[in-house]
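Note that the sequence shown covers residues 4 to 268 in the working numbering.
Down below is the structure, laid out as structure tokens.
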Amino acid sequence: MLVWSRSGRFVIWVIFALIFGVLFLAPLAVILLSSLADQWNGVLPNGLTTEHYTDVARGAAWNAVKASLVTGFLASALALVSGTWAALALRIQGATLARALGLLFFIPSAVPSVSVGLGLLVAFSHPPLLLNGTIAVVMIAHFVLISAFTFGNVSAGLARLSPDFEQVASSLGARPAYRLRHVTLPLLAPYLVAAFGLSFALSMGELGATVMVYPPGWVTLPVSIFSLTDRGDIFAGAALTMILVAATLVLLLGLERITKRATGA
4 MLVWSRSGRF VIWVIFALIF GVLFLAPLAV ILLSSLADQW NGVLPNGLTT EHYTDVARGA
64 AWNAVKASLV TGFLASALAL VSGTWAALAL RIQGATLARA LGLLFFIPSA VPSVSVGLGL
124 LVAFSHPPLL LNGTIAVVMI AHFVLISAFT FGNVSAGLAR LSPDFEQVAS SLGARPAYRL
184 RHVTLPLLAP YLVAAFGLSF ALSMGELGAT VMVYPPGWVT LPVSIFSLTD RGDIFAGAAL
244 TMILVAATLV LLLGLERITK RATGA
């Protein structure tokens, strides 16, 4: 819209295509070809095969998919509840206090995830909270890392929400709990779904903290991919990466459809 001439728009589209193709499509295309490559000795693979997907499926891949999905769902649901609760609670506070307390949610996002994992490893290594070697510490790590994004999305939705609807409901005698359930939360539904989707996507791709605290038998997809590539099994790692991408995209597309229905309603 800012470029009026046809030649200028053409140049902008060419630049966009180059940037998008080089930075986004090319790496994904290389990973896809690697997952299907029989051998790769030149510019392109020497042959294509689905053997890597078969080998991955025979191994612990499905356990890793299950671990990632369960961790993502539980951590994202907990982050959604706590982030929404905090955003609603801070909404009725003064601006200064709300800003100061809101910063607490963003502290973990300012710390490298591997440092968060190390902190949890040290904090939960002794009684009475001896959680190292359990699934719970993985859930906590993911919750700590994604809660800031959930809180931020819900807070942004509340900031755009007109108070007129709630005021009208109050004037008609609606109690706070009824107003929250039937007015505020339905209006926030698109932001809640978007917050859950973002949290889930971040959880599915989380590696730094997870690799520090994960117990045997609960290996997520990013940890499995890291282990395979670290051993030099690039093709199997690429196949597992495509499974991770597909699982995440399927859920995000489903959430997008739910958001459209909620917006239409």
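Note that beta-carbon positions come from the ideal geometry of N, C-alpha and C, so glycine has one too.
All figures in this text were calculated on a predicted structure; none of them were measured in a lab.
Asked	Found
Which listed residue (LEU124, LEU35 and ALA144) has its alpha carbon closest to that of SER112	ALA144
Residues that DSSP places opposite ALA40 in a beta bridge	LEU51
CA-to-CA distance, VAL17 to LEU81, given in whole angstroms	43 Å
Cβ pair VAL117, MET215 closer than 8 Å	yes
Inter-residue CB distance, PHE202 and THR232 (contact presumed, cutoff 8 Å)	Correcting the residue type first, residue 202 is Ser in the shown sequence and not Phe. With 8 Å as the limit, SER202 and THR232 do not qualify as a contact, their Cβ atoms being about 26 Å apart.
Residue burial classification, ILE149 (beta-carbon count within 10 angstroms, cutoff 16)	buried
DSSP three-state assignment for PHE344, whether helix, strand or coil	No information on residue 344 is available, as it lies outside the stretch 4 to 268 that the chain covers here.
Host alpha helix (DSSP H) of ALA180 (start-end)	179-182
8 Å Cβ cutoff met for TYR160 and LEU121	At residue 160 the sequence reads Gly, which differs from the Tyr that was named. Not in contact: GLY160 and LEU121 (Cβ atoms no closer than 8 Å).
C-beta atoms of ALA250 and HIS55 nearer than 8 Å	no
Nearest-angstrom Cβ-Cβ length linking THR196 and LEU254, presumed shorter than 8 Å	Correcting the residue type first, residue 196 is Val in the shown sequence and not Thr. Not confirmed; about 11 Å, so no contact.
Three-state class that DSSP yields for SER128 in the structure shown	coil
ASN156, buried or exposed, once every other Cβ within 10 Å from all chains shown has been counted against 16	buried
ALA239 vs VAL59 beta-carbon contact at 8 Å	yes
Closest Cα partner of ARG163 within the set ARG94, VAL140, ALA204 and ASN135	ARG94
Residue closest to PHE108, alpha-carbon to alpha-carbon, out of ALA126, PHE229, TRP88 and THR74	TRP88
Beta-carbon gap between SER174 and THR74 smaller than 8 Å	no
Own chain partners of PHE146 with C-beta closer than 6 Å, once the 5 adjacent residues on each side are dropped	ALA78, LEU81 and ALA82
Where ASP236 falls: helix, strand or coil (DSSP)	coil
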